[in-house]
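Step one of this worksheet: look at the structure below.
Protein chains in written order, with the working numbering: chain A, 1 to 371; chain B, 372 to 742.
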């Protein structure tokens with residue numbers, strides 16, 4: 001355990017017995033919300049930071065659940081005493097997204113009306129819906145003012161927070177993110193979904209007590225992984241090196257290290273993630289489009305009262321720098337306070353989970369400005 | 372039918388009853404070689420151009436097989452009277468690659484020893500092996516000197532020709548190609564193969580009289596298609612436009628045009644291509660590495676006697692411009708005659724099949740130089 005870690009943490013569940021109106025018009029509930037908190041809320045209840053996870057994340061953002069855990073929470077490098085999100089100063093909240101599979105209600109949860117998992121009877125959700133659910137949690141915790149921060153899909157949620165709850169959000173930190181996916185981004189998600197939907201074990205989403213559609217989910221994850229890296233990082237990490245051999249095998253098995261890595265990523269992902277959740281959450285990501293919803297990005301941002309920090313990474317081709325610049329320009333155009341920072345990194349989209357030193361400096365200085 | 376088309380064409384089969392030694396050391400034969408020719412071989416037998424197809428191409432490069440055909444051969448825009456490859460001057464030869472599924476022996480061919488399709492008993496082949504088979508065809512046709520030309524995997528074969536048969540190849544036209552795939556390129560191929568191998572109907576490659584592994588092959592093709600385009604071309608072609616609707620459906624089906632396009636590409640591909648061939652040919656592409664084989668790219672090129680034309684496209688991220696520059700630099704370094712041309716194009720890797728006007732000018736002027 002790292003000495004500056006938040007230490008032992010645990011995921012709690014807030015059981016919300018009401019319903020929310022989803023973007024689709026459907027009233028949905030009850031909803032379990034899985035969350036963790038680190039640090040303490042101050043008297044004014046205005047020192048909270050909501051960190052928002054990416055596609056396959058969960059509420060466990062920092063610390064260790066058990067002394068035997070090999071890995072800490074997914075943003076442990078960023079959350080803790082004197083870290084970017086300093087638990088000595090801030091009350092950090094992290095929750096699993098609606099539609100997820102790590103405690104918050106999603107397609108693998110039991111539908112109380114049937115006593116069986118929702119499966120494909122789970123309603124299609126949006127980033128806006130996920131944010132509505134987070135608002136329930138934040139209200140429950142008694143938070144009055146909020147800083148929101150997230151990378152990738154987490155950044156989409158942070159953007160949505162700043163637009164949906166303008167009187168609530170004081171600062172928004174948007175990392176390696178976008179106000180809308182590119183056509184290429186939709187395409188990669190669509191192929192991943194296709195791999196899952198066409199797995200013989202998918203069984204129309206009803207597989208929870210049967211064979212799991214692991215091959216399809218594994219292929220979807222492999223596709224995703226290629227997009228999270230970039231050619232430069234793949235070249236450095238693997239190049240054309242063979243996997244434990246001097247010469248290729250001249251068979252159809254694995255020859256190159258990069259193949260072995262991807263297959264491993266696919267296999268381990270299947271153990272921790274639900275195929276239906278993958279379908280629903282990628283769909284939510286595809287749907288997210290602030291400019292479509294408000295007519296233009298400028299229109300969307302007119303109502304925000306937050307200060308923005310936009311961070312992007314030079315080698316990120318999934319959520320490219322140009323998209324972060326687009327957000328920044330729109331914010332400037334409507335007179336909002338915005339800091340933009342492009343970090344030179346060879347790590348591709350994954351940089352937001354890796355380049356924590358540079359991010360820490362930038363985020364600390366942004367947070368320091370008026371607290 | 373286009374007036375400057377080569378008109379009605381047909382695929383012939385050369386039945387080679389000998390064997391060749393494959394890169395793996397295996398002696399393999401007999402081999403059927405499917406080919407087409409356009410134009411006439413001159414008396415000196417030195418006006419031949421061998422055009423080499425990309426991953427999923429075939430021998431049918433130009434003209435129409437039937438008056439009712441909707442589509443001509445795959446490079447019809449480039450082959451014909453007064454076209455880039457001018458059939459008034461040149462004798463154009465095109466053949467299906469070893470391991471393919473359009474007439475040349477491949478995994479779907481009948482193994483004469485068993486009377487059944489080879490399936491996965493087909494040997495793993497390389498680009499070098501494919502070129503060896505083409506040499507048999509070229510000798511059979513009585514060709515004494517050869518110009519080789521190809522895009523993508525076709526360019527790899529053209530490079531291999533110029534290195535393997537230095538006294539034979541007078542000119543080599545290498546389009547949107549590389550001397551070795553990037554780690555990212557291998558990764559995309561590996562995921563595609565994985566999708567096929569994990570299809571329940573794949574049945575260890577023995578599916579010819581059973582259910583076809585169409586879902587896996589379709590996913591592999593979709594992945595491929597994303598890499599053949601680029602974000603710019605996808606943005607122009609599809610953007611975030613919805614498919615025949617004003618609002619998203621809020622279900623897990625197809626919402627965006629780009630999804631519909633990819634699914635269509637996947638479905639139609641399954642009708643014309645063999646899943647086993649996809650495995651074998653992508654593996655051959657992964658293995659190809661001139662610098663690994665000869666110690667360095669310079670070493671590989673030392674023995675060539677060809678003049679080279681290297682064409683690449685600005686938006687091609689699968690076979691990026693940097694790789695064409697690498698080839699060019701190596702050729703220059705060992706004193707070879709080389710012309711390099713980067714074409715500004717928004718069409719991604721697919722540009723070699725689309726940007727035929729610019730390519731025609733460049734290729735014509737290159738071919739004119741001393742014939």
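Built from N, CA and C at the ideal position, the CB exists for glycine as well.
Residue from B:704, B:712, B:677 and B:659 with nearest C-alpha to residue 684 (chain B): B:712
On the criterion of 16 or more Cβ atoms from any shown chain inside 10 Å, does residue 117 (chain A) qualify as buried, or is it exposed? buried
Which residue comes first and which comes last in the alpha helix (DSSP H) that contains residue 223 (chain A)? 214-228
Within this structure, are the beta carbons of residue 270 (chain A) and residue 324 (chain A) separated by less than 9 Å? no
Beta-carbon spacing of residue 668 (chain B), residue 514 (chain B) below 9 Å: no
Put residue 572 (chain B) into one of helix, strand or coil per three-state DSSP. coil
Simplified DSSP assignment, three categories, for residue 415 (chain B): coil
Buried versus exposed, by CB contacts within 10 Å (16 or more), residue 66 (chain A): exposed
Which of the residues in the stretch 636-656 of chain B, read from start to end, lie with their CB under 7 Å from any CB of chain A? 650 and 654
Going straight from the alpha carbon of residue 721 (chain B) to that of residue 366 (chain A), what length do you get? 44 Å
Is residue 510 (chain B) buried or exposed, if buried means 16 or more other CB atoms sit within 10 Å of its CB? exposed
Output yes if chain A places a C-beta closer than 9 Å to the C-beta of residue 466 (chain B); else output no. no
Using a Cβ-Cβ cutoff of less than 8 Å, which residues in the same chain neighbour residue 9 (chain A) once the five nearest sequence positions on both sides are dropped? 36, 38, 60, 62, 63, 64, 65 and 73
Does residue 583 (chain B) have its Cβ less than 9 Å from a Cβ in chain A? no
How would you list, in chain order, the residues of chain B whose beta-carbon sits under 9 Å from the beta-carbon of residue 178 (chain A)? Per Cβ cutoff of 9 Å: no residues; residue 178 (chain A) is ~11 Å from chain B at best.
On a CA-only basis, which of A:99, A:368, A:369 and A:243 is nearest residue 276 (chain A)? Give me that one, please. A:99
From residue 371 (chain A) to residue 524 (chain B), what distance separates their C-alpha atoms? Note that residue 371 (chain A) scores 46 on pLDDT, short of 50, meaning its location in the model is unreliable and no value can be drawn from it.
Report the residues of the stretch 604-620 of chain B with a CB closer than 7 Å to any CB of chain A, ordered along the chain. 605, 606, 609, 610, 611 and 619
What residues from chain A crowd round residue 482 (chain B), counting only those whose CB sits closer than 7 Å? Within chain A, no residue comes near residue 482 (chain B); the closest Cβ sits about 17 Å away, beyond 7 Å.
Pop quiz: residue 403 (chain B) and residue 475 (chain B) are said to be a contact at Cβ under 8 Å. What is the actual Cβ separation, rounded to whole angstroms? 6 Å
Flag residue 289 (chain A) as yes if its beta-carbon sits less than 9 Å from any beta-carbon of chain B, otherwise no. yes
Return yes when the Cβ of residue 311 (chain A) is within less than 9 Å of the Cβ of residue 174 (chain A), no when it is not. yes
Would you call the CB atoms of residue 529 (chain B) and residue 462 (chain B) closer than 9 Å? no
In the DSSP assignment, find the unbroken alpha helix (DSSP H) run with residue 665 (chain B) in it and report its ends. 661-665
In terms of residue numbering, what span does the beta strand (DSSP E) encompassing residue 15 (chain A) cover? 12-16
Taking a contact to mean a Cβ-Cβ separation below 9 Å, would you say residue 678 (chain B) touches residue 670 (chain B) in this structure? no
Would you say residue 145 (chain A) and residue 45 (chain A) are within 9 Å of each other, going by their C-beta atoms? yes
Nearest-angstrom Cα distance between residue 698 (chain B) and residue 659 (chain B)? 14 Å
Which residues in chain A have a C-beta closer than 9 Å to the C-beta of residue 588 (chain B)? List them in chain order. Going along chain A, no residue has its Cβ under 9 Å from residue 588 (chain B), so there is no contact; the nearest lies around 11 Å.
Pair every Cβ in the stretch 549-560 of chain B with every Cβ in the stretch 580-587 of chain B, then say whether three or more of these pairs are closer than 8 Å. no
I'd like to know if residue 438 (chain B) contacts chain A, where contact means its C-beta is closer than 9 Å to some C-beta of that chain. no
At a CB-CB cut-off below 7 Å, which residues of chain B make contact with residue 188 (chain A)? 597
Residue 85 (chain A) to residue 50 (chain A), Cα distance in whole Å? 10 Å
Would residue 593 (chain B) pass as an interface residue toward chain A - the criterion being a Cβ-Cβ separation below 9 Å? yes
Counting only the same chain and skipping the five closest in sequence on each side, list residues whose C-beta sits under 6 Å from that of residue 365 (chain B). Only positions 372 to 742 of chain B appear in this structure, which leaves residue 365 (chain B) out of reach.
Give the range of the alpha helix (DSSP H) segment to which residue 729 (chain B) is assigned. 727-739
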